[in-house]
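Position 18, counted from 1, in the sequence shown is what my numbering calls 21; the numbers after and before it change by one each time, with no gaps.
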Amino acid sequence: VYMLAIPLGMAIGTTLSGYISANVHTGDRAPWRLAFYISGLGGIPFALGAILYPARFSPTIHGLKKKISGLAGSDAPPLPINENEDDKVPLMPQSSDLQHAAGNTVVDDKHKHAHPWDAVKRLAKNQLFMCLVVGMGTFILIIGGAATVQQPMLRFGPWKMTQTEAASLMGISAVPSVIGSVIGGMVLDKFGGSAGRRGLFRCCRHLFMMGAICTPLIVASYFVYNTWGYAAMSVVTMMAFLTVMAPSSAAILTSVDKDIRTYAMSYSTMFERAVALPGPTIIGFLADKFSEGCHSFNYQYMCEGTLPPTEANTTIPTTTIAFGANETSTSTASVTQSTSSAPSTGLFSTSTIGPTAPYVPNYSRSDNCVWIPGKEGSNGSCMSEFEDRNATAFFSVGYVIPIVTWGIAAVIAYRKGKKAMALHALSVLEAERAASNL
4 VYMLAIPLGM AIGTTLSGYI SANVHTGDRA PWRLAFYISG LGGIPFALGA ILYPARFSPT
64 IHGLKKKISG LAGSDAPPLP INENEDDKVP LMPQSSDLQH AAGNTVVDDK HKHAHPWDAV
124 KRLAKNQLFM CLVVGMGTFI LIIGGAATVQ QPMLRFGPWK MTQTEAASLM GISAVPSVIG
184 SVIGGMVLDK FGGSAGRRGL FRCCRHLFMM GAICTPLIVA SYFVYNTWGY AAMSVVTMMA
244 FLTVMAPSSA AILTSVDKDI RTYAMSYSTM FERAVALPGP TIIGFLADKF SEGCHSFNYQ
304 YMCEGTLPPT EANTTIPTTT IAFGANETST STASVTQSTS SAPSTGLFST STIGPTAPYV
364 PNYSRSDNCV WIPGKEGSNG SCMSEFEDRN ATAFFSVGYV IPIVTWGIAA VIAYRKGKKA
424 MALHALSVLE AERAASNL
């Protein structure tokens, strides 16, 4: 349910932002400013609700304690890890949750919450945990960065959608992402769950497989120029890719000791969000590199390669052309061109081809340059039609990093599980030998 909330919020928020930008008028201010007021003011009630949540509703204090009150003795058995016999061998040292929840005063150190600094050191030394967190952090970084340019990419890129169409497609594509988050947990439970050494390996294997399958499909979708083809391919691949959300959280919890699980979730969440912050900056940098020089043109006539407005609708003298030994003729060329208002920069010169030749630009520009109208009286900007597409496709290749780290995590989980099983079998054998000697 927790992992479902993130893509669900993205789906609703993206659709709502597109509607606000296209239909809501806020006077002299741009409509997008309203989204910040909605996010800030709308979050206050939820923040207060979380802070003032009554402690008496905590299941650890009442429900769980009452449920296990009959098992309060010092010999209370530990919680089972899984119904399967093989999964009863823990990957990490486990504690007796029943004794602690029942209120026993004698508990071992494993029951106590670790000191925050001690938790940081233990988590940093946990290779499996670090691989999972780095992979998920990079995953969120790329998704967040790509989302910042998706609307302008759809509007001014090869697809040429309207603002409402682009925002609607983003909202629609986020809905299957919600479904993907739910499917991820359901599939994991269907094939044995996430608990125990086998469950941890199943989680890591799922992360690796989804990354390896979906990454080339996501990159390929940016080169499908048919609107419906791109939409279908993008929706399906992102739905499949976001099935990693629930298994990732389950793997993080299972990979650490119980006394630092709270720290593991909080630190991993903080790290993942912090890593995602430079995503828009990185993809903006890449877009500049793929701009084909279009960003250097500050006016529409320069971007489109047309005449400056102050030199349009005028009679322009051309060079004198010799027709004979003692004959010369001076002609004029009438040129009519309608462009947006912008000052003349003298970047156009007369041609010496003939008496009726028009002005031509004396600078080079890419045929992919397109003019983006400005808002709130701004001049606008010039960009390459393919810069956001190319930047997003190149940035998406970074999904290779999660694939590698999740693959390493799967190998570590498998080896730790085999080691734990071997130690368990050895301890059982020693116990049987000791019993036979009595």
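Ideal Cβ placement from N, Cα and C applies to all residues, glycine included. No experiment lies behind these values; they were computed from the predicted model shown.
Nearest C-alpha to E275 among S252, L289, S258 and A243: S252. Cβ-Cβ distances below 6 Å link C217 to T240, A243 and F244 in the same chain, with the five nearest sequence neighbours on each side left out; the list follows chain order. Annotation note: the stretch 245 to 277 contains the following uninterrupted alpha helix (DSSP H) runs of length 4 or greater, listed N- to C-terminal: 248 to 257. Taking a 10 Å sphere around the C-beta of A394, we find 16 or more other C-beta atoms and assign the residue as buried.
In the displayed model, M236 falls within a helix according to three-state DSSP. Counting the other CB atoms within 10 Å of its CB gives F293 a total of 16 or more, which places it among the buried residues. Under the 8 Å Cβ criterion, the stretch 259 to 268 does not count as touching the stretch 192 to 205, having fewer than three qualifying pairs. Taking the Cα positions, A416 is about 10 Å away from G410.
With contact defined as three or more Cβ pairs closer than 8 Å, the stretch 205 to 221 and the stretch 150 to 167 are not in contact. DSSP places S384 in no alpha helix (DSSP H) but in the uninterrupted beta strand (DSSP E) bounded by S384 to S387. W231 carries a helical assignment under DSSP once its states are collapsed to helix, strand and coil. V137 carries a helical assignment under DSSP once its states are collapsed to helix, strand and coil. Taking C-alpha positions only, G296 is separated from G377 by approximately 19 Å.
With the rule of 3 Cβ pairs closer than 8 Å, the stretch 271 to 291 does not count as touching the stretch 163 to 173.
A Cβ-Cβ separation of about 5 Å places A413 in contact with F211 under the 8 Å criterion. Secondary structure of W409 (DSSP, three-state): helix. For V373, the enclosing beta strand (DSSP E) has its first and last residue at C372 to I375. Here the C-alpha atom of M305 lies approximately 13 Å from the C-alpha atom of I375.
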